[in-house]
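Protein chains in written order, with my numbering: chain A, 14 to 138; chain B, 14 to 138; chain C, 14 to 138; chain D, 14 to 138; chain E, 14 to 138; chain F, 14 to 138.
Ideal placement from N, C-alpha and C gives every residue a C-beta, glycine not left out.
Scroll down for the structure; my scribbles are underneath it.
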């Protein structure tokens with residue numbers, strides 16, 4: 014059963030963020046491999062694969078939250094990629110980030126935009 | 014032109030949050046009426062009416078951010094209503110809030126859910 | 014296996030917060046029963062029952078975080094009770110909260126103390 | 014010497030927030046009297062009485078920070094009173110709070126304004 | 014009219030942050046030029062140019078908020094420059110940042126000070 | 014008396030963070046030497062040396078708070094070292110940080126872990 018949650022999470026991650034989970038796992042394997050496992054099991058196996066909300070809306074909700082909180086630029090970049098893989102357009106991502114100026118202030122929105130810019134130019138190379 | 018931004022914002026608000034902007038305006042009219050005007054002009058006239066992202070996605074992004082930030086329960090409740098008016102189902106709203114457990118912790122998600130519950134039971138009466 | 018995680022979490026909760034999980038479950042059962050289940054499975058079944066850190070230290074870490082974040086007074090109160098049940102003294106709890114003045118400012122520490130005071134006087138009745 | 018820091022703080026508080034420190038002290042005396050003492054000694058005896066910034070600017074800086082952080086409505090109200098006692102006009106206070114819409118989002122500014130409104134109408138009675 | 018808000022904002026920016034708005038505009042022009050426009054129109058054209066609070070107090074309020082929030086070091090640096098241009102002394106800026114230790118904790122104040130130090134030594138070259 | 018608080022703080026710092034306070038002092042000496050002094054006097058002389066909570070628990074509470082707040086990676090690293098010096102094992106530190114996934118979200122916990130990893134590998138060299 015545990016295996017199944019992990020497996021479900023990994024399958025979701027393969028579609029959304031193929032490279033990023035691999036990096037996370039490598040980053041944590043010496044210090045806290047269980048934390049990487051919980052990301053797959055709980056965040057992806059339990060939450061992202063729930064019915065009732067499509068992958069695209071889930072990624073946009075995450076971009077909104079991480080832009081507003083402003084505490085995790087690398088994870089924001091990872092979810093900007095995930096949103097593109099889930100079918101969001103660049104314009105939609107830009108709109109979500111811009112809207113955060115209203116709820117978390119302009120600096121949060123500008124910093125979110127800088128992260129989007131980095132992802133987009135990385136993908137354009 | 015200013016009039017136009019204000020008018021555009023008010024028209025959007027009429028569809029999304031008919032009662033809530035009225036309450037906000039009354040609340041601020043003795044102390045800072047310009048702040049209520051900026052909400053109509055900038056938040057709604059400039060941002061929410063931009064093309065490139067539908068009203069439903071905009072409301073879900075706001076619910077995600079306000080749940081994650083946790084600093085504004087009344088505004089979160091107002092946008093839960095706005096999301097319903099924009100065509101979100103209750104299930105979709107619940108999913109967005111639940112997902113915030115991953116990005117802002119369980120207490121933030123539980124508090125968001127308590128706000129959704131209040132809105133839903135108010136509407137059911 | 015899932016059953017086992019849930020069961021492990023519930024057993025931990027029986028010792029630490031007998032009343033509070035029941036209240037949380039009732040609060041969420043109409044709107045998001047899965048969120049209450051994840052609290053038992055992930056927060057308690059996966060995390061709190063991990064070896065490597067005793068229950069008392071875990072509760073103090075939670076009190077520190079919730080005092081510093083300041084976004085969840087009810088959960089803070091619940092963990093102040095949990096800390097007492099895990100063997101913390103009132104003095105130790107007061108010290109953890111006071112120390113947060115250094116890391117999150119005096120208002121956060123004072124608000125945390127108000128929550129501790131409510132729990133202590135509730136228990137004294 | 015300690016006495017002197019405490020004394021300096023209390024003297025400053027007598028001018029700025031005569032009632033509020035008394036309330037804080039009473040609130041904390043059963044649980045953490047030292048925390049109230051540190052407020053007098055460190056926050057007021059060490060910081061607010063430093064030369065190099067006038068009392069009015071100090072109170073406005075505090076109002077800006079507490080509005081932006083949004084975690085301490087009672088302390089914000091206390092400093093709105095303190096700002097008035099230090100010579101700020103109501104308009105200046107309203108302007109500081111409104112400006113926070115730019116840096117912490119509209120909900121933070123609106124909530125700050127609600128706190129200012131409560132203080133102003135309490136004083137008008 | 015829109016032109017007028019933008020123009021008012023730009024004129025204010027010319028006095029306060031001549032270089033920084035130019036950089037912001039260049040940074041956003043490929044991805045979200047409207048966000049840079051809103052900064053000029055709303056943040057500067059609407060808010061900073063309001064009567065009722067002088068430019069110096071506005072910049073100090075912003076420094077207080079950005080130090081306390083801790084989420085935007087580049088914008089904090091930009092407003093430290095803006096504050097100097099508005100007539101604040103270095104000492105006044107240092108005092109505002111130091112005071113944030115009381116409201117947002119020592120790490121926030123220390124990080125704010127590091128940003129002030131960078132600005133001051135850049136200007137000294 | 015003031016001397017005594019400072020002295021007490023410095024003695025505590027000599028045991029817990031011998032190098033880090035020196036760096037902090039050097040970093041602040043041109044701009045705000047009093048802020049470094051307050052760290053020694055208030056944070057260490059007043060708070061960390063209070064009876065009622067052992068040094069190990071104090072350092073773990075700080076790690077919990079700084080991981081959850083996510084605003085001060087360098088100070089978090091400094092307290093991870095301090096925790097080791099106070100007798101925490103690496104495993105205990107990892108557990109405290111991991112637990113923050115529940116209260117502040119996975120990105121905060123992952124970023125905390127990255128900081129722990131940096132400290133551990135620095136010490137291993």
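Contact set for residue i: own chain, Cβ-Cβ below 6 Å, skip 5 residues either direction
| i | result |
| --- | --- |
| residue 49 of chain F | 37, 38 and 41 |
| residue 89 of chain E | 79 and 128 |
| residue 54 of chain A | 18, 19 and 22 |
| residue 97 of chain D | none |
| residue 34 of chain F | 26 |
| residue 117 of chain C | 81 |
Chain-ordered chain C contacts of residue i [CB-CB under 8 Å]
| i | result |
| --- | --- |
| residue 44 of chain D | 107, 126, 129, 130 and 133 |
Chain-ordered chain A contacts of residue i [CB-CB under 8 Å]
| i | result |
| --- | --- |
| residue 117 of chain D | 117 and 118 |
Residue i versus residue j - alpha carbon distance
| i | j | result |
| --- | --- | --- |
| residue 104 of chain B | residue 120 of chain F | 25 Å |
| residue 59 of chain B | residue 22 of chain C | 48 Å |
| residue 74 of chain D | residue 74 of chain E | 5 Å |
| residue 56 of chain B | residue 115 of chain A | 6 Å |
| residue 43 of chain C | residue 76 of chain B | 20 Å |
| residue 83 of chain C | residue 124 of chain C | 8 Å |
| residue 29 of chain B | residue 110 of chain A | 21 Å |
| residue 99 of chain B | residue 131 of chain B | 19 Å |
| residue 86 of chain D | residue 67 of chain B | 35 Å |
| residue 108 of chain D | residue 138 of chain F | 53 Å |
| residue 47 of chain E | residue 62 of chain B | 13 Å |
| residue 102 of chain B | residue 69 of chain B | 10 Å |
| residue 65 of chain D | residue 65 of chain F | 37 Å |
| residue 16 of chain F | residue 126 of chain F | 37 Å |
| residue 112 of chain B | residue 24 of chain F | 46 Å |
| residue 136 of chain E | residue 136 of chain F | 37 Å |
| residue 106 of chain E | residue 106 of chain A | 37 Å |
| residue 45 of chain E | residue 45 of chain F | 38 Å |
| residue 122 of chain F | residue 122 of chain C | 22 Å |
Proximal chain D residues relative to residue i, where beta-carbon distance stays under 9 Å
| i | result |
| --- | --- |
| residue 51 of chain F | 55, 59 and 60 |
Cutoff 8 Å; reference residue i; Cβ partners in own chain excluding five residues on either side
| i | result |
| --- | --- |
| residue 95 of chain A | 29, 30, 33, 72 and 75 |
| residue 134 of chain F | none |
| residue 52 of chain C | 22, 34 and 37 |
Proximal residues of chain A, C-beta to C-beta of residue i below 9 Å
| i | result |
| --- | --- |
| residue 163 of chain F | Because chain F is modelled from 14 through 138, residue 163 of chain F falls outside the range shown and cannot be assessed. |
Per-residue contacts from residue i into chain B (C-beta, under 8 Å)
| i | result |
| --- | --- |
| residue 11 of chain A | As shown, chain A starts at 14 and ends at 138. That puts residue 11 of chain A outside it, with no answer to give. |
Own chain partners of residue i with C-beta closer than 7 Å, once the 5 adjacent residues on each side are dropped
| i | result |
| --- | --- |
| residue 92 of chain A | 72, 75, 76 and 79 |
Cutoff 7 Å: residue i Cβ touching any chain H Cβ
| i | result |
| --- | --- |
| residue 33 of chain E | The chain inventory of the structure shown lacks chain H, comprising the protein chains A, B, C, D, E and F. |
Closer than 6 Å: residue i CB and nearest the ligand MN heavy atom
| i | result |
| --- | --- |
| residue 19 of chain A | Among the components modelled here there is no ligand, and therefore nothing to report on the ligand MN. |
Chain F contact residues for residue i, given Cβ-Cβ distances below 9 Å
| i | result |
| --- | --- |
| residue 41 of chain A | 123, 126, 127 and 130 |
Residues in the segment 18-32 of chain C having any Cβ partner in chain D nearer than 9 Å: none
Where the segment 75-98 of chain B meets chain C: residues whose CB sits under 7 Å from a CB there: For the segment 75-98 of chain B, which is checked against every Cβ of chain C, the residues closer than 7 Å are 83.
Contact residues within the segment 55-75 of chain B, judged by C-beta distance below 7 Å to chain C: none
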